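S.K.: Dumping the structure here so I can ask a few things about it.
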Amino acid sequence: MTTEPTIVLRRDGRVGRILMNRPKALNALTLDMIRTCDSILHEWKDDPHVHAVVIEGAGERAFCAGGDIIALREAQVSGNREAADAFFTEEYALNLLIATYPKPYIALIDGICMGGGIGMSVHGPYRVATEHAGFGMPETAIGFFPDIGATFLLPRLRGHLGAYLGLTGLRLTGADAVHAGLATHFVPRARLPALSAALAKDGPSVLADFAETLPPFSLADHLDAIERCFTAETVPDIIAHLEREDADWAKAALKALRTVSPSALYWTLQALRNGANMNLPEALDAEFRLTKTTMAHPDFAEGVRAMVVDKDRQPKWSPPRIEDVDPAVIARLFAA
Ligand code: QUE
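In case it helps, my numbering puts the sequence shown at residues 92 to 427.
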């Protein structure tokens, strides 16, 4: 029996190619995958034949759905903090390596790109999104928080879009991701093979030839209202502002906020606020510390159970309501 490698590496013309290859698991990142990417990026850094790196996900459904949170949940519930620490230490180091990589790093994002998948793409200089791309940071739905440097990235999006995305977990299409600044180029799926071949031949300068004119930002008419609502100081204030907006986008946002972990809303808003004043290494360090305290909260194991393990989508949050979250309990998670 042969097992498929979870990362497929290939040299092709002027580029080194990385394929995340767990299509049935939506290319969710295991520690092995993170280690393989880290070591090849170090090797290619000093390889004069590799002028740029191109990363893609296998299959049509996903670029990368995130981290292997099933394994992380098991590590947490069995008290194996070393395993969780190793995962996040190495994942965040890889995010920083991508952010500081001395050669062009080009992500071709066709399908969902969430959490750890954002970490594998958005820190690089070139992020190509197709009409099938879906960008999201849905960690509040699993009782976690937007990590992988998202506490650095999200507060820097315009008009408090980052708080909107990070709290609700709602997804952006590929074109909207370009408008929001998460992606840099919009290229139809049908042209990706030609783009990929051209990148191997001529490097990132070909991107401009493939990028399509963007359709309008679907949130364009709501940006002012999003800013008004998500600039609010506290989670209950954001809810109160949204309740005053008589619009479908606000109803969808409210529905999302009332579904995800109430505690995670609180610690996510605080983490995003803190990250606004940090550089990327500082934000990743703060995120690492926050993984320890938030994963020990019952909502993490319960959220992963409900959304990914049992898939019943009926998490029992503690406390169950936004109104019952004690801000002092949240504050302690940041002091640890
Ligand atoms: C929220 C999330 C994640 C999620 C579902 C959510 C997430 C993540 C996965 C995921 C998906 C497929 C897999 C896997 C994990 O799902 O971050 O191992 O095979 O990684 O509602 O934040």
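Note that beta-carbon positions come from the ideal geometry of N, C-alpha and C, so glycine has one too. All values derive from a computational prediction rather than experimental measurement.
Could you tell me which of Asp159, Ala156, Glu303 and Asp103 sits nearest to Asp293, measuring between CA atoms?
M.R.: Within the sequence shown, numbered from 1, the residue matching residue 293 stands at position 202. For the residues Asp159, Ala156, Glu303 and Asp103, the minimum Cα distance to Asp293 belongs to Asp103.
S.K.: Can you tell me the Cβ-Cβ gap for Leu256 and Thr231, rounded? I've got them flagged as a contact below 8 Å.
M.R.: Taking the sequence shown and counting its residues from 1, one reaches residue 256 at position 165. Taking the sequence shown and counting its residues from 1, one reaches residue 231 at position 140. Going by Cβ atoms, the distance from Leu256 to Thr231 rounds to 10 Å, so no, they are not a contact pair.
S.K.: Could you tell me the distance, in whole angstroms, from the CA atom of Ala344 to the CA atom of Val400?
M.R.: Start at 1 with the first residue of the sequence shown, and residue 344 comes out as number 253. Start at 1 with the first residue of the sequence shown, and residue 400 comes out as number 309. Those two C-alpha atoms are separated by around 25 Å.
S.K.: Looking only at its chain, what residues have a beta carbon closer than 7 Å to the beta carbon of Cys128, apart from the 5 residues adjacent to it on each side?
M.R.: Position 37 of the sequence shown, counted from the start, is the residue given in the question as residue 128. Within the same chain, Cys128 has close Cβ partners Ile98, Ile109 and Leu185.
S.K.: Terminal residues of the continuous alpha helix (DSSP H) containing Ile125?
M.R.: Locating residue 125 in the sequence shown gives position 34, counting from the first residue. Its alpha helix (DSSP H) spans residues Leu122 to Lys136.
S.K.: Alpha helix (DSSP H) containing Arg364: first to last residue?
M.R.: As a first step, residue 364 is located in the sequence shown; it is residue number 273 there, counting from the start. Note, Arg364: alpha helix (DSSP H), Pro353 to Gly366.
S.K.: Tell me whether the beta-carbon of Arg280 lies closer than 8 Å to the beta-carbon of Gly225.
M.R.: For the purposes of this step, residue 280 is taken as the residue at position 189 of the sequence shown. For the purposes of this step, residue 225 is taken as the residue at position 134 of the sequence shown. Against a cut-off of 8 Å, the Cβ pair of Gly225 and Arg280 comes out as no contact.
S.K.: Could you spell out the range, first to last residue, of the beta strand (DSSP E) harbouring Arg108?
M.R.: Position 17 of the sequence shown, counted from the start, is the residue given in the question as residue 108. It spans Val106 to Met111 - the beta strand (DSSP E) in which Arg108 sits, taken as one unbroken run.
S.K.: Do Ala397 and Pro406 have their CB atoms nearer than 8 Å?
M.R.: Numbered from 1 along the sequence shown, position 306 holds the residue referred to as residue 397. Numbered from 1 along the sequence shown, position 315 holds the residue referred to as residue 406. Yes. Within cutoff.
S.K.: For Val381 versus Val326, is the C-beta spacing smaller than 8 Å?
M.R.: If you number the sequence shown from 1, residue 381 lands on position 290. If you number the sequence shown from 1, residue 326 lands on position 235. A quick correction: the sequence has Leu, not Val, at residue 381. No. Outside cutoff.
S.K.: For His133, is the classification buried or exposed, using 16 other Cβ atoms within 10 angstroms of its Cβ as the cut-off for buried?
M.R.: Stepping through the sequence shown from its first residue, residue 133 is reached at position 42. His133 should be labelled exposed.
S.K.: What are the start and end residues of the beta strand (DSSP E) that includes Arg218?
M.R.: Mapped onto the sequence shown, residue 218 falls at position 127. Counting along the chain, the beta strand (DSSP E) containing Arg218 begins and ends at Tyr217 to Ala220.
S.K.: Which same chain residues end up closer than 8 Å to Asn370 when comparing Cβ atoms and leaving out the 5 residues on each side of it in sequence?
M.R.: Locating residue 370 in the sequence shown gives position 279, where the first residue counts as 1. Result list for Asn370: Phe243, in chain order.
S.K.: Assuming Gly210 is part of the alpha helix (DSSP H), what are its boundary residues?
M.R.: Position 119 of the sequence shown, counted from the start, is the residue given in the question as residue 210. Counting along the chain, the alpha helix (DSSP H) containing Gly210 begins and ends at Gly207 to Gly210.
S.K.: Just verifying my parser: in three-state terms, what is the DSSP assignment at His214?
M.R.: For the purposes of this step, residue 214 is taken as residue 123 along the sequence shown, with counting starting at 1. Coil at His214, not helix or strand.
S.K.: Mind the definition here: the stretch 303 to 321 touches the stretch 196 to 206 only if three or more C-beta pairs lie below 8 Å; say whether that holds.
M.R.: Cβ pair count under 8 Å is below three, so no.
S.K.: Does DSSP put Ala184 in a helix, in a strand, or in coil?
M.R.: Looking up residue 184 in the sequence shown gives position 93. Helix.
S.K.: Take Val278 and list the residues in its own chain whose beta-carbon comes closer than 7 Å to its own, dropping the five residues that flank it on each side.
M.R.: Translated into the one-based positions of the sequence shown, residue 278 becomes position 187. Same-chain partners within the cutoff: Val219, Thr221, Leu286, Phe301, Ala302 and Glu303.
S.K.: Using a threshold of 8 Å, state whether the C-beta atoms of Glu181 and Leu122 are closer than that.
M.R.: Residue 181 sits at position 90 when you count from the first residue of the sequence shown. Residue 122 sits at position 31 when you count from the first residue of the sequence shown. Closer than 8 Å, so yes.
S.K.: Rounded to a whole number of angstroms, what is the C-alpha to C-alpha distance between Lys402 and Asn118?
M.R.: By 1-based counting over the sequence shown, the position of residue 402 is 311. By 1-based counting over the sequence shown, the position of residue 118 is 27. Between Lys402 and Asn118, the C-alpha separation is close to 18 Å.
S.K.: By DSSP, does Thr304 sit in helix, in strand, or in coil?
M.R.: In the sequence shown, residue 304 corresponds to position 213, counting from 1. Thr304 falls in the coil class under three-state DSSP.
S.K.: Assign Leu375 to one of two classes, buried (16 or more other C-beta atoms within 10 Å of its C-beta) or exposed (fewer than that).
M.R.: On the sequence shown, position 284 is the one that residue 375 refers to. When all chains shown are included, Leu375 counts as buried.
S.K.: On the criterion of 16 or more Cβ atoms from any shown chain inside 10 Å, does Ala426 qualify as buried, or is it exposed?
M.R.: Taking the sequence shown and counting its residues from 1, one reaches residue 426 at position 335. When all chains shown are included, Ala426 counts as exposed.
S.K.: List, from N- to C-terminal side, the alpha helix (DSSP H) runs of 4 residues or more that fit wholly inside the stretch 232 to 271.
M.R.: DSSP runs (the alpha helix (DSSP H)) wholly in the stretch 232 to 271: 241 to 244, 252 to 259 and 265 to 271.
S.K.: Can you tell me which of the three DSSP states Asp103 falls into?
M.R.: Within the sequence shown, residue 103 is the residue found at index 12, counting from 1. Asp103 falls in the strand class under three-state DSSP.
S.K.: For the alpha helix (DSSP H) containing Gly394, list its first residue and its last residue.
M.R.: Position 303 of the sequence shown holds residue 394. Unbroken alpha helix (DSSP H) run through Gly394: Pro389 to Val395.
S.K.: Using only the heavy atoms of ligand 1, determine whether one of them is closer than 7 Å to the beta carbon of Met211.
M.R.: In the sequence shown, the residue the question calls residue 211 occupies position 120. No, the Cβ of Met211 stays beyond 7 Å of every heavy atom of ligand 1.
S.K.: Taking 8 Å as the threshold, find out whether the stretch 199 to 211 comes into contact with the stretch 141 to 156 through three or more Cβ pairs.
M.R.: A contact exists between the stretch 199 to 211 and the stretch 141 to 156.
S.K.: Is the stretch 260 to 276 touching the stretch 326 to 336, taking contact as three or more C-beta pairs under 8 Å?
M.R.: With a cut-off of 8 Å, the stretch 326 to 336 and the stretch 260 to 276 do not count as touching, because too few Cβ pairs lie within range.
S.K.: With ligand 1 as the reference, list in chain order each residue whose Cβ lies under 7 Å from any of its heavy atoms.
M.R.: Cβ-based neighbours of ligand 1 within the cut-off: Ala116, Leu117, Ala119, Ala156, Gly157, Gly158, Asp159, Ile160, Ile161, Met205, Gly206, Gly207, Pro229, Glu230, Ala232, Ile233, Phe235, Gly260, Met398 and Val399.
S.K.: Which residues share a DSSP beta bridge with Tyr196?
M.R.: The residue labelled residue 196 in the question sits at position 105 within the sequence shown. Val144, per the DSSP bridge assignment.
S.K.: Taking its Cβ as the centre, do 16 or more other Cβ atoms sit within 10 Å of Gly107, making it buried, or is it exposed?
M.R.: Residue numbering aside, residue 107 sits at position 16 when the sequence shown is read from its first letter. Gly107 should be labelled buried.
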